[in-house]
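Chains as they are written, first to last, in the numbering used here: chain A, 997 to 1266; chain B, 5 to 275; chain C, 6 to 274.
All residues carry an ideal CB built from backbone N, CA and C; glycine is no exception.
If you're wondering where the values come from, they're calculated on a predicted model, not measured in any experiment.
Heads up: the structure comes next, in structure tokens.
Next comes the structure, spelled out in structure tokens:
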């Protein structure tokens, strides 16, 4: 029996803590608890209002079993159609613009000034949420799907360019160099050396973005930028839960269909 | 066959004739759909406003600058509320997401025919609907305020977190689970010793990632009345107080950048 | 001590992994199970503690029939069978000590195991075992910081702390280099001798098996082809188990030159 063993036998064993320094562990622990208490205390809840609302909540959940597609059928159809139209147009334009910006935002193929400008565009587009952009664009261009279309295009650029640029930056250099060595011009080089490597992922991401654009288009109507959101908002305002349930079910179904479709397409291109 | 015979000489083409035809057809249909969509949009657009847009944009810009800096003193509480909506919403979502993820993962679900489809349905339906819509709904049910915002963020995050966690559960190393089972451990012990340690890093990553997204989303929840800094944005917009709007937008921008930085740091520390 | 009667396993795909295997292992016997890949070695070991449910047949551990047990009864019997795995199967993100103590899971309730409050005897036993395999200093290291040989030693501790009567050992050396393989095999056999344990060691390195065990069973297509002492493994026997090959080199007695040095290393590590 070794000395080390003698030293530990009969002593309690405790799992070594995740954070080694005692004071840091305690500060983080106490801080987290204090924050949670403070956060809970500062939520003003009007409990009688919540209690009253429970009936309505139950009514809404029940409405899902009897969704009403009929009474506002025209509104729902027009709203959904407008959402889909906005989604498709914005995705096409957004993708078309993201490709040059994505190329420009990849450090390994773009010169520094172009890189900085493109990265700047990406950063701005990613930092501003769709709904805020939509508010500003509605103020500038007036109500209607044009503002929604522009919002979604703008958001697509930030999303797609960033991922495309990251993809290009991590591509296999040797293949691209081989094309360059054959004396290709810049455009030929992009076409033969870069495009084949990033194409499958670009297609996958584009489909994914189409899916996101549709989900986002559902809320743009709340601020007057077109789509199904306006109809939904009206349904909530009038407490027409069965119509609202019908719209939500349709949105969920379309999203599921898009996800299924994107699964198939991504499996085929990869 | 990409090599075709033309007037007795062999010519290499990238695609066969039918392949190129299908390609053209796909492109043509695509373009037609796009043109149709564009026409629909332009039909309902008042082009007069659009041509006037540069002037309006300039007008808004001159009104909005400089931002009304002293307004920041009134934004303390809304910022605090926004932070709470995001954090509490994320925490609540995680509490629900974990059991749902275990029910949805193929290797841990109690019943693949009954429980798994229900779990998947919860995941897809909470994920498909934006938190603003959940907020609208909750305001109709429990009234406007921070609580509606917390719950809206929580519901929306459940599906997102559960999906990522259940994918992590399906990817665990099954032999570690087998080894724990072989010691005679109970079902719950197998979960705590064999599965939980394996998914812990993924779980922490998902939590922080979602918290970052939730900070963004909670800044705008106030637009529909669900508390946070969005309330101030909405009331400033209603009275066309553009200098306040620009200040609030700057604050939101700062919050977004800050939360992204925090989540990147924390994720680095975990992995 | 352990008795298999007409044990059959047919997978859903229709593959018959075990064809009515009969086998008896007396107290304290270390037995090697050899055979080509896909012969059903792994399936047999897993059918004994029902990590794989046998299709039919019986498994008797002393006086208990295992295939008919309820899940609670099965858990109690699993405690009596320690298992050691090919890829160590340690929970990589837990510490060495937690991995060893996880062998006691069958003996403690959920909350005690969840809060890591194991009884002091278990903790002491874990320390003793870690000291025995020369890893006491590593107790608070995370399992994924260890080398292959060290991990397998932790795996052995986890199996032994169950206080088993039988060890089920599945390819203990397949992921290790030749020298570490011998150290590990020697350690397993020594520990079995010290504690009077029976063991089934599923192994494909015939030469290594012959060095350490008292009995060899050869499995081919889910049926027992050979059962006897290691010396009886002739080239003919190996041909019936594995198929045609030049077996002289494999059977040649491996010089056990580094016995002393290896011993010292095990203690030093």
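Which residues in the same chain have their Cβ closer than 6 Å to the Cβ of residue i, if we skip the five residues on either side of it in sequence?
| i | result |
| --- | --- |
| residue 75 of chain B | 248, 251 |
| residue 188 of chain B | none |
| residue 1053 of chain A | none |
| residue 198 of chain B | 180, 181, 184 |
| residue 1139 of chain A | 1220 |
State buried or exposed for residue i, treating a residue as buried only when at least 16 other CB atoms are found within 10 Å of its CB.
| i | result |
| --- | --- |
| residue 85 of chain B | buried |
| residue 80 of chain C | buried |
| residue 193 of chain B | buried |
| residue 1195 of chain A | exposed |
| residue 127 of chain B | buried |
| residue 268 of chain B | exposed |
| residue 250 of chain C | exposed |
| residue 1055 of chain A | exposed |
| residue 111 of chain C | buried |
| residue 240 of chain C | exposed |
| residue 55 of chain C | buried |
Whose C-beta lies closer than 7 Å to the C-beta of residue i among residues of the same chain, with five residues either side of it excluded?
| i | result |
| --- | --- |
| residue 1110 of chain A | 1100 |
| residue 1274 of chain A | Because chain A here runs from 997 to 1266, residue 1274 of chain A falls outside it and cannot be looked at. |
| residue 8 of chain C | 29, 65 |
Can you name the residues of chain C whose CB is closer than 9 Å to the CB of residue i?
| i | result |
| --- | --- |
| residue 201 of chain B | 96, 97, 98, 99, 103 |
| residue 1025 of chain A | Correct list: empty, because the minimum Cβ distance to chain C is about 16 Å. |
For residue i and residue j, which I take to be in contact (beta-carbon distance under 8 Å), what is that distance rounded to the nearest angstrom?
| i | j | result |
| --- | --- | --- |
| residue 170 of chain C | residue 6 of chain C | 7 Å |
| residue 158 of chain C | residue 192 of chain C | 7 Å |
| residue 137 of chain B | residue 231 of chain B | That belief does not hold up - the Cβ atoms of residue 137 of chain B and residue 231 of chain B are roughly 16 Å apart, past 8 Å. |
| residue 93 of chain B | residue 1046 of chain A | Between residue 1046 of chain A and residue 93 of chain B the Cβ distance is about 17 Å, and since that is not below 8 Å, they are no contact. |
| residue 1083 of chain A | residue 1228 of chain A | Wrong, their Cβ atoms sit about 16 Å apart, outside the cutoff. |
| residue 98 of chain B | residue 211 of chain B | 6 Å |
| residue 1203 of chain A | residue 1189 of chain A | Incorrect: roughly 25 Å between the Cβ atoms, too far for contact. |
| residue 95 of chain C | residue 148 of chain C | 4 Å |
| residue 1159 of chain A | residue 1086 of chain A | Their Cβ separation, rounded to whole angstroms, is 17 Å, which puts residue 1159 of chain A and residue 1086 of chain A out of contact at 8 Å. |
| residue 4 of chain C | residue 135 of chain C | Nothing can be reported for residue 4 of chain C: it is not among the residues displayed for chain C, which extend from 6 to 274. |
| residue 1223 of chain A | residue 1231 of chain A | Contact flag wrong, Cβ pair sits at about 14 Å. |
| residue 1144 of chain A | residue 1130 of chain A | 6 Å |
| residue 229 of chain C | residue 26 of chain C | 6 Å |
| residue 223 of chain C | residue 246 of chain C | 4 Å |
| residue 275 of chain C | residue 87 of chain C | Residue 275 of chain C is absent from the structure shown; chain C starts at 6 and stops at 274. |
| residue 190 of chain C | residue 145 of chain C | That pair is no contact at about 28 Å. |
| residue 243 of chain C | residue 211 of chain C | 7 Å |
| residue 235 of chain B | residue 82 of chain B | 6 Å |
| residue 14 of chain C | residue 60 of chain C | 5 Å |
| residue 1074 of chain A | residue 1238 of chain A | Not quite, the Cβ-Cβ distance comes to about 19 Å (not below 8 Å), so this is no contact. |
Using a cut-off of 7 Å between C-beta atoms, extract the partners of residue i located in chain A.
| i | result |
| --- | --- |
| residue 134 of chain C | Ordered by position in chain A, no residue passes the 7 Å Cβ test against residue 134 of chain C, which lies about 10 Å from the chain. |
I want to verify the contact list: residues of chain C whose CB lies under 8 Å from the CB of residue i, in sequence order.
| i | result |
| --- | --- |
| residue 2 of chain B | With chain B running from 5 to 275 in the structure shown, residue 2 of chain B is simply not present. |
| residue 1011 of chain A | 100, 102, 103, 121 |
| residue 1001 of chain A | 132, 133, 136, 141 |
Report the neighbours of residue i on chain B: residues whose CB is nearer than 7 Å to its CB, in chain order.
| i | result |
| --- | --- |
| residue 217 of chain C | Simply none; closest approach about 23 Å. |
| residue 1040 of chain A | 149, 150 |
| residue 1052 of chain A | 144, 145 |
| residue 155 of chain C | Near residue 155 of chain C there are no residues of chain B at all, since even the closest Cβ is about 16 Å away, more than 7 Å. |
| residue 1049 of chain A | 145, 146, 147 |
| residue 83 of chain C | 186, 187, 188 |
For a contact defined as C-beta to C-beta under 9 Å, what are the partners of residue i on chain B?
| i | result |
| --- | --- |
| residue 56 of chain C | 182, 185, 186 |
| residue 1096 of chain A | Per Cβ cutoff of 9 Å: no residues; residue 1096 of chain A is ~18 Å from chain B at best. |
| residue 1046 of chain A | 145, 146, 147, 151 |
At 7 Å on the CB atoms, spell out the chain C contacts of residue i, in chain order.
| i | result |
| --- | --- |
| residue 193 of chain B | 110, 115, 118 |
| residue 179 of chain B | 90, 92, 94 |
I want to verify the contact list: residues of chain B whose CB lies under 8 Å from the CB of residue i, in sequence order.
| i | result |
| --- | --- |
| residue 1228 of chain A | 137, 140 |
| residue 1248 of chain A | 128, 129, 132, 133 |
Near residue i, what residues of its chain come up, given a Cβ to Cβ distance below 8 Å and the 5 sequence neighbours on each side ignored?
| i | result |
| --- | --- |
| residue 1004 of chain A | none |
Run through chain A and tell me which residues come within less than 8 Å of residue i, C-beta to C-beta.
| i | result |
| --- | --- |
| residue 38 of chain B | 1084, 1085, 1088 |
In chain A, which residues lie less than 9 Å from residue i when you measure between Cβ atoms?
| i | result |
| --- | --- |
| residue 45 of chain B | 1078, 1081, 1082, 1085, 1140, 1141, 1142, 1144, 1145, 1222 |
Continuous beta strand (DSSP E) assignments of at least 3 residues falling wholly in the region 231-256 of chain B: none
Alpha helix (DSSP H) runs wholly inside the region 1056-1124 of chain A, at least 4 long, in chain order: 1069-1100, 1108-1123
Whole runs of the alpha helix (DSSP H) within the region 74-148 of chain C, excluding any shorter than 4 residues: 76-83, 101-106, 115-119, 125-137
Unbroken stretches of the beta strand (DSSP E), 3 residues or longer, contained in the region 12-44 of chain B: 13-16
Completely contained beta strand (DSSP E) runs for the region 1131-1158 of chain A, where each covers 3 or more residues: none
Within the region 177-214 of chain C, ranges of the beta strand (DSSP E) (whole runs, at least 3 residues): 203-207
Segments of 4+ residues assigned as alpha helix (DSSP H) that fall wholly inside the region 1150-1210 of chain A: Here the runs fully enclosed are 1169-1177, 1182-1185.
Runs of beta strand (DSSP E) lying entirely within the region 144-175 of chain C, each at least 3 residues, in chain order: 171-175
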